[in-house]
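Protein chains: 2
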Amino acid sequence: MQTERSSAAVPVPIAPPVRLLMGPGPSNVPPSVLEAMAKPVIGHLDPAFLAIMDEVQAMVRQVFRTKNRFALPISGTGSAGMESCFANLLEPGDMAIVGVNGLFGMRMAEVAARYGANVIRVEAPWGMIIPDHVMVEAIRLHRPKVVALVHAETSTGVLQPVEAIARAAAESGALTILDCVTSLGGCPVEIDGWGIDAAYSATQKCLSCPPGLSPVTFSERAIESVRSRKTTVPVWYFDVTLLAQYWGSDRVYHHTAPISMIYALHEALRLALEEGLEVRFQRHRRNHEALIAGLAAMGMELASEEGHRLQMLNAVRVPVGIDEAAVRRRLLSEHGIEIGAGLGPLRGTIWRVGLMGASSSRENVLTFLEAFGSALREQGMAATGDAREAALAEYGRS
Amino acid sequence: MQTERSSAAVPVPIAPPVRLLMGPGPSNVPPSVLEAMAKPVIGHLDPAFLAIMDEVQAMVRQVFRTKNRFALPISGTGSAGMESCFANLLEPGDMAIVGVNGLFGMRMAEVAARYGANVIRVEAPWGMIIPDHVMVEAIRLHRPKVVALVHAETSTGVLQPVEAIARAAAESGALTILDCVTSLGGCPVEIDGWGIDAAYSATQKCLSCPPGLSPVTFSERAIESVRSRKTTVPVWYFDVTLLAQYWGSDRVYHHTAPISMIYALHEALRLALEEGLEVRFQRHRRNHEALIAGLAAMGMELASEEGHRLQMLNAVRVPVGIDEAAVRRRLLSEHGIEIGAGLGPLRGTIWRVGLMGASSSRENVLTFLEAFGSALREQGMAATGDAREAALAEYGRS
Numbered sequence: 015m016q017t018e019r020s021s022a023a024v025p026v027p028i029a030p031p032v033r034l035l036m037g038p039g040p041s042n043v044p045p046s047v048l049e050a051m052a053k054p055v056i057g058h059l060d061p062a063f064l065a066i067m068d069e070v071q072a073m074v075r076q077v078f079r080t081k082n083r084f085a086l087p088i089s090g091t092g093s094a095g096m097e098s099c100f101a102n103l104l105e106p107g108d109m110a111i112v113g114v115n116g117l118f119g120m121r122m123a124e125v126a127a128r129y130g131a132n133v134i135r136v137e138a139p140w141g142m143i144i145p146d147h148v149m150v151e152a153i154r155l156h157r158p159k160v161v162a163l164v165h166a167e168t169s170t171g172v173l174q175p176v177e178a179i180a181r182a183a184a185e186s187g188a189l190t191i192l193d194c195v196t197s198l199g200g201c202p203v204e205i206d207g208w209g210i211d212a213a214y215s216a217t218q219k220c221l222s223c224p225p226g227l228s229p230v231t232f233s234e235r236a237i238e239s240v241r242s243r244k245t246t247v248p249v250w251y252f253d254v255t256l257l258a259q260y261w262g263s264d265r266v267y268h269h270t271a272p273i274s275m276i277y278a279l280h281e282a283l284r285l286a287l288e289e290g291l292e293v294r295f296q297r298h299r300r301n302h303e304a305l306i307a308g309l310a311a312m313g314m315e316l317a318s319e320e321g322h323r324l325q326m327l328n329a330v331r332v333p334v335g336i337d338e339a340a341v342r343r344r345l346l347s348e349h350g351i352e353i354g355a356g357l358g359p360l361r362g363t364i365w366r367v368g369l370m371g372a373s374s375s376r377e378n379v380l381t382f383l384e385a386f387g388s389a390l391r392e393q394g395m396a397a398t399g400d401a402r403e404a405a406l407a408e409y410g411r412s
Numbered sequence: 015m016q017t018e019r020s021s022a023a024v025p026v027p028i029a030p031p032v033r034l035l036m037g038p039g040p041s042n043v044p045p046s047v048l049e050a051m052a053k054p055v056i057g058h059l060d061p062a063f064l065a066i067m068d069e070v071q072a073m074v075r076q077v078f079r080t081k082n083r084f085a086l087p088i089s090g091t092g093s094a095g096m097e098s099c100f101a102n103l104l105e106p107g108d109m110a111i112v113g114v115n116g117l118f119g120m121r122m123a124e125v126a127a128r129y130g131a132n133v134i135r136v137e138a139p140w141g142m143i144i145p146d147h148v149m150v151e152a153i154r155l156h157r158p159k160v161v162a163l164v165h166a167e168t169s170t171g172v173l174q175p176v177e178a179i180a181r182a183a184a185e186s187g188a189l190t191i192l193d194c195v196t197s198l199g200g201c202p203v204e205i206d207g208w209g210i211d212a213a214y215s216a217t218q219k220c221l222s223c224p225p226g227l228s229p230v231t232f233s234e235r236a237i238e239s240v241r242s243r244k245t246t247v248p249v250w251y252f253d254v255t256l257l258a259q260y261w262g263s264d265r266v267y268h269h270t271a272p273i274s275m276i277y278a279l280h281e282a283l284r285l286a287l288e289e290g291l292e293v294r295f296q297r298h299r300r301n302h303e304a305l306i307a308g309l310a311a312m313g314m315e316l317a318s319e320e321g322h323r324l325q326m327l328n329a330v331r332v333p334v335g336i337d338e339a340a341v342r343r344r345l346l347s348e349h350g351i352e353i354g355a356g357l358g359p360l361r362g363t364i365w366r367v368g369l370m371g372a373s374s375s376r377e378n379v380l381t382f383l384e385a386f387g388s389a390l391r392e393q394g395m396a397a398t399g400d401a402r403e404a405a406l407a408e409y410g411r412s
């Protein structure tokens, strides 16, 4: 009887529903990535695992377009990658200029401040880019140690121009940190070409791997800056010098690598490179354009600055009189489609519709437009025009 | 042609070998855990995922034997759990007493120091416990804010007695942090019964889940201590106040949870509770006893203090004249068995033979003893006695 009682308290096995993931991430994970993840676990110092690590590092370099020696997945989600950049490159009292035009810029500023940095926020309204000249002037005026920018601001759907700012930072001797969480694998990211010193991403966006790892790269200049610190890196878990000893030829045990997640990332990176980065970017572009053509036909607008829109995340303005949460709930319950809500000041005023990685497909665009139209009509909106036709016309054009 | 050339640079899919994992972790992962991990990814705010999170928290409480509200998996490996305990409970200048009798005690001391604590190391030789009275005297003398201990020292195979020390810490107003990385799910861990304020573990040891998460729990007293900090928690990613807002009823987005790993942990915890913790501990005990009976028949000794030996990790002394690395290599290449090397001062002098979680079975004990004997004979050692018989006799006894 005791056995029965104690097993009654044990939950049944999970049975998660199948969703069409069209929010701000995670995106849908291809079957071969799930299969790779479920391969037998081996030890973190097994020669067979060390070979997989080497291939992962080489592929991380390829997607970041860098020759940096330090290029590896941090054992945590994208935010862990952010922490590792700031924890290693900032010491108390250092000055950091952070571009803030959305939630993830705010988070960078907060993380930098927690490490004791003197943080100067260069702000722009949510939904707009931070103009080059404003950042460049701030850099020339303050001569910071670190300049930090969000490449693809997932909270607003804005793509931040990077090159001129990174150049000004390099000229003034500053290190540039770039948040590539949502951009990597979905649009051009040129770490070496743009002169970026540290960048971090996440696996669950345009790489279509489950969340849990953060690809990170540091330039030699950034590594040199870590070496010449006056104080210890405060977080042992994110100390890049120790991480480099495990991932490099020394193979010194640091922490137990998340084996299965690294299997999954290996397959996700493989799929991205097999498709070809340019082809993949083009696919993201076409699906984005078809989506916004369809949305336009329904009378919907984006909340992000024209000419600077992400092709993997669309901030769609909620029309007056529509209950945005009810639309999301209906999409999820009736159509199995997840889209995202607005964050911070955009809460209730936008939906975030993602077309990331494997989720960025013609089929998903058409499925979404139909379901979205139906959910809006359910809310009393008389949808104008034919979204499907407009999207198909856009596909025909490109 | 370009396609061919670029795809030539893409690695082939991984094909990791099947290993018998009998090192210091990871342990072998049951098929149903791998299957759960490969279920479709859903969003981190999906109602279906929130329900899974609730069940995981309830099961984390059960395996830790605690009623603490804060009990959840940190999104990183065991070392990330260690960081989250020290990052939240220590402020610069705080005093911490750390028991150091192996690598993981050393690491706790280092991590505590990186957060600016004034660290007092109470040391004991590797392979021995830290005597209660030494810790208790240090606590009464120094009145620290934090007392930290490793419950199961994976580098030496020693089980540290905890109760008297935790009681003395509580009496002096200190918070006790306990490293349960290797003990949780393999031998009794009584967070509430022993009065532990913060504890962390890892998934890849006696829970037999892939590495990547760290179950952590904080008592109300520990949470209260975080609330009354004078300084911000330096690491945003590990800030328990923010984590509690996502895992609690507020559901405030913090970072994207590692969905698939949490699926895996759900199933691993389920299996542990379905087996029953007492039955599971008993299984670990019997297999450990059979293993050491077999080893004794071969003339082999353990390097850990008698009466304080881990039942999930055995530090086996390398006999004079035997090349320990050659034995490990042969076990791996000829028999597909992974065991661990010694760390730090024990490098080259011990093997670490794990019997953790699913790896702790009668079949594995017998398979290992046979392969180990063969590898030792290959090294010129004339193995004395019959290890298999001795192990079977031990199974017969219990």
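Chains as they are written, first to last, in this note's numbering: chain B, 15 to 412; chain W, 15 to 412. Beta carbons are placed, not taken as given, at the ideal position from N, Cα and C, and that holds for glycine.
Of the other Cβ atoms in all chains shown, fewer than 16 fall within 10 Å of the Cβ of Lys81(B); this residue is therefore exposed.
Taking C-beta separations shorter than 7 Å and ignoring five residues to either side along the sequence, the partners of Ser228(B) in its chain run Pro87, Ile88, Gly90, Thr91, Gly92, Ala94, Gly95, Tyr214, Ser215 and Ala216, following chain order. Pairing Arg402(B) with Asp206(B) gives a Cβ-Cβ distance that is not under 8 Å. 8 Å or more divides the Cβ of Val172(W) from the Cβ of Leu64(W).
Here the C-alpha atom of Ala282(B) lies approximately 25 Å from the C-alpha atom of Leu305(B). In summary, Leu155(B) is exposed, with fewer than 16 beta-carbon neighbours lying within 10 Å of its beta-carbon over all protein chains present. Scanning Ser46(W), Phe382(W) and Leu103(W) for the CA closest to the CA of Ser242(W) turns up Leu103(W). By the rule that beta-carbons nearer than 8 Å mark a contact, Gln218(W) touches chain B. One finds nothing in chain B with a Cβ atom closer than 7 Å to the Cβ of Arg361(W); even the nearest lies about 11 Å away.
Residue environment: Gln296(B) is assigned as exposed (fewer than 16 neighbouring CB atoms within 10 Å of its CB, all protein chains considered).
Contact of Ser93(B) with chain W by beta-carbon distance below 9 Å involves Ser89, Trp250, Tyr251, His268, His269 and Thr270. Interface residue (Cβ-Cβ distance to chain B less than 8 Å): Ala62(W) is classified as such. At a cut-off of 8 Å between beta-carbon atoms, Met120(W) makes no contact with chain B. Judged by DSSP in its simplified three-state form, Tyr214(B) adopts strand. By the Cβ rule, the segment 230 to 250 of chain B counts as touching the segment 122 to 131 of chain W, because three or more pairs are nearer than 8 Å. Residue Leu369(W) holds the alpha-carbon nearest to the alpha-carbon of Gly199(W) among Leu369(W), Val26(W) and His349(W). One alpha carbon belongs to Arg344(B), the other to Gly387(B), and they sit about 11 Å apart.
Contact between Ala385(W) and His349(W) is confirmed by a C-beta separation of about 4 Å, below the 8 Å threshold. Across the segment 47 to 58 of chain B, CB contacts with chain W closer than 8 Å involve Leu48, Glu49, Ala50, Met51, Ala52, Lys53, Pro54, Val55, Ile56, Gly57 and His58, in sequence order along the chain. Within the same chain, Ala317, Ala329, Val330, Arg331, Val332 and Gly356 come within 7 Å of Ile364(W) by CB-CB distance, once the 5 residues on both sides are set aside. Going by C-alpha positions, Pro25(W) is about 9 Å away from His280(B). Apart from the 5 residues on each side of it in sequence, Pro359(W) sits with its Cβ closer than 7 Å to the Cβ of Trp140 in its chain, given in chain order. Residue contact check for Glu97(W) against chain B: a CB pair falls below 8 Å. When C-beta distances to chain B are compared with 7 Å, the residues of the segment 320 to 354 of chain W below that value are Glu352, in chain order. Our two residues, Gly37(B) and Ala389(W), have alpha carbons roughly 54 Å apart in a direct line. Straight through space, the alpha carbons of Lys159(B) and Met109(B) are spaced by roughly 6 Å. For Gly130(W), there is no enclosing beta strand (DSSP E), as DSSP gives it neither H nor E. In this chain, the beta strand (DSSP E) harbouring Pro87(W) covers Phe84 to Ile88. Within the same chain, and ignoring the five residues on either side of Arg361(W) in sequence, the residues whose Cβ sits closer than 8 Å to its Cβ are Ala355. Taking C-beta separations shorter than 6 Å and ignoring five residues to either side along the sequence, the partners of Cys223(B) in its chain run Val47, Thr217, Ala278, Leu279 and Ala282, following chain order.
Contact annotation: Val114(B) and Glu151(B) have beta-carbon atoms that are not nearer than 8 Å. Less than 8 Å separates the beta-carbon of Ala62(W) from that of Pro31(B).
Per DSSP, Val70(W) is one residue of the alpha helix (DSSP H) stretching across Pro61 to Phe78. Each residue's CA atom was taken as its position, placing Val254(B) and Arg411(B) some 47 Å apart. For a Cβ distance threshold of 7 Å, residue set Pro248 of chain B lies close to Tyr129(W), ordered along the chain. DSSP, reduced to helix, strand and coil, places Asp193(W) within a strand of the structure shown.
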